[in-house]
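A.B. asks: Mind looking over this structure? Questions follow.
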Amino acid sequence: MLFFRRILIFAAMTLIVSKAGAQDYGGAFNASVDAGTRWGFRIISPVTVTSSIVRLGDVVQPVDPNQAGWQRLRRAAIGLVPVSGEAMTIRRERLGKAILAAEATPRMIDWFGPNEVRVVYRQPTPDEVAARRAKSGVNDFHTITNDHSVNAVGYESSTDQRIPTQANAPALSHIDAKRVIHWIEIAMEQFYPDVDDAYAVEVPADQTELVALQSMSGVTHMEAVTPIDDGPCRFLVVARSINGPIESEVNVNLVSYPEVVVPTRSMGRGHRIQETDITLKRMAPENIDPNAVADMSVLIGQEVRANLRVGQAIRHDQFGFPILIHRGDLVEVRVIGGGVTVTTNGKSLGDGSESDLIEIETINPRKRLLARVAQHGVVEIVTRSPIVR
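Taken in order, the sequence shown gives residues -22 to -1, 1 to 367; the numbers are from mature numbering (1 follows the signal peptide of the UniProt record, and there is no 0).
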């Protein structure tokens, strides 16, 4: 019995020494996250940021500076603040969703402070930009920080590891570049679905900006740095990795798809198409029917011949001139010839638009004739004038 008691005492002392050693070596003991982990956060408001991306560490402080998982959560993207200076309001529920998206969520979270955060963007001063560049020594980089202190606006770390992406840095191998590009293409579909639908997206594999994302295992945020248009564009990609959040501005080439006419609302047969009923939409060439319409003016005033659905390209066989006479309509028959017009009544045996030839049947006597549609409810039969010899 005494032997087992000594073993338990020795194991307890070993655990205490191991924990103390971890604190001395890493500066803080960061426990792992499990189902029993309970987190406490203090909400900060108001907050002023110099980046358009608002991160969790900008608006939240952990109650325990050594809180488990904080190094992963602090750089989780919350949203984009308007650069116009307009205040952005973030509610506590949105912060909880950001923690869920960071894939490090315990079962219980204790919140302290106000229920919402007010965030305002401030343009960084030239001195701040110059200091940031001087500190990095390169133009583009991503940062992995091991700091355990929290600041409402930025982060300072005594062990700041930076991975440079200088112009002369070697590009990724074909396999690594293909994997990184695949993640970027998935992020484009998620964060910019309209761009993915309207443009052919090409990420150059030989760019050195991909080096910073080599260890990525998924994209948490993506933001357009330059205006989105045909040609080269730059996107900020924020990703997660085994070492923590990483980011880099990557070059993306956009090539616009051809435009086709699509309905803005569902339309049934017989509907007269107006300008507000249609719009132009870009589509991938492989998804465009060869019979699709590309000119909106062709459709104005036309009549729908087949049901049209929102967002689907309109084909030439789905519309036509308005039907003026339908099968079974009673019509006025005008027989014109030699300067004389004779009018009688008849019945339409088919549908017809203006100038179409349709078959009719006169009432008295009952006789079938071919007539040309003149207007709504009126057909004409033109005969040759008698020749006098």
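Where is the CB? At the ideal position from N, CA and C, for every residue including glycine. Predicted model only: the values in this text are computed from it and were never measured.
#1: Under 7 Å Cβ to Cβ from residue 208, same chain only, skipping five residues before and after it: list those, please.
#2: Along the chain, which unbroken stretches of the alpha helix (DSSP H) at least 4 residues long are found entirely within the segment 318 to 346?
#3: Drop a sphere of 10 angstroms on the beta-carbon of residue 42, count the other beta-carbons inside from all chains shown, and report buried for 16 or more, exposed for fewer.
#4: List the whole-angstrom C-beta distance separating residue 359 from residue 349, where the pair is believed to meet the contact cut-off of C-beta under 8 Å.
#5: Please classify residue 262 as buried or exposed, where buried requires at least 16 other C-beta atoms within 10 Å of its C-beta.
#6: Mind checking which residues open and close the alpha helix (DSSP H) that includes residue 176?
#7: Can you give the Cα-Cα distance for residue 118 and residue 240, rounded to whole angstroms?
#8: Per DSSP, which residues does residue 99 bridge with? Please list them.
#9: Would you report the Cα separation of residue 186 and residue 227, rounded to the nearest angstrom?
#10: Just the Cα atoms here: how many angstroms apart are residue 45 and residue 18?
#11: Helix, strand or coil: which one does DSSP assign to residue 82?
#12: Counting only runs of 3+ residues fully inside the segment 166 to 254, write out the beta strand (DSSP E) ranges in chain order.
#13: Grab me the residues of residue 91's own chain with a C-beta within less than 6 Å of its C-beta, minus the 5 sequence neighbours each way, in chain order.
#14: Can you list, in chain order, the residues of its chain with a C-beta nearer than 6 Å to that of residue 4? Leave out the 5 residues immediately preceding and following it.
#15: Contact defined as beta carbons within less than 8 Å: I believe residue 293 pairs with residue 269. What is the distance between those atoms, to the nearest angstrom?
#16: Taking DSSP as the reference, what is the three-state secondary structure of residue 155?
#17: Take every Cβ of the segment 57 to 68, pair it with every Cβ of the segment 96 to 108, and state whether three or more of those distances are shorter than 8 Å.
#18: With DSSP collapsed to three states, give me the class of residue 274.
#19: In chain order, what residues of the same chain lie with their CB nearer than 6 Å to the CB of residue 354, ignoring the 5 residues before and after it?
#20: In angstroms, rounded to a whole number, what distance separates the CA positions of residue 229 and residue 181?
#21: Can you round the beta-carbon distance between residue 33 and residue 53 to whole angstroms, since I take them to be within the 8 Å contact cut?
#22: For residue 16, does the three-state DSSP call read helix, strand or coil?
#23: Do residue 340 and residue 361 count as a contact pair if the criterion is CB distance below 7 Å?
#24: Counting Cβ pairs closer than 8 Å, one from the segment 198 to 217 and one from the segment 159 to 177, do we hit at least three?
#25: Pick out whichever of 280, 102, 236, 243 has its Cα sitting closest to the Cα of residue 250.
#26: Report the rounded CA-to-CA distance for residue 290 versus residue 300, giving the unit in angstroms.
C.D. replies: On the basis of the supplied data:
#1: 232, 233, 234.
#2: none
#3: exposed
#4: 5 Å
#5: Classification for residue 262: exposed.
#6: 171 to 176
#7: The predicted position of residue 118 is uncertain, since its pLDDT is 39 and thus under 50; no value can be drawn from it.
#8: Partner(s): 27.
#9: 10 Å
#10: 8 Å
#11: Low confidence applies here, because residue 82 scores a pLDDT of 49, under 50, leaving its location unreliable and the question unanswered by this model.
#12: 177 to 180, 194 to 202, 209 to 219, 224 to 234, 237 to 241
#13: 20, 21
#14: At residue 4 the pLDDT is 37, less than 50, meaning the model places this residue with poor confidence; the figure from the coordinates comes in the next sentence. There are no such residues.
#15: Contact holds; Cβ gap of about 4 Å.
#16: helix
#17: They touch, by the three-pair rule.
#18: helix
#19: 302
#20: 7 Å
#21: The distance from the Cβ of residue 33 to that of residue 53 is about 5 Å, consistent with a contact at the 8 Å cut-off.
#22: strand
#23: no
#24: yes
#25: The option with the nearest alpha carbon to residue 250 is 280.
#26: 22 Å
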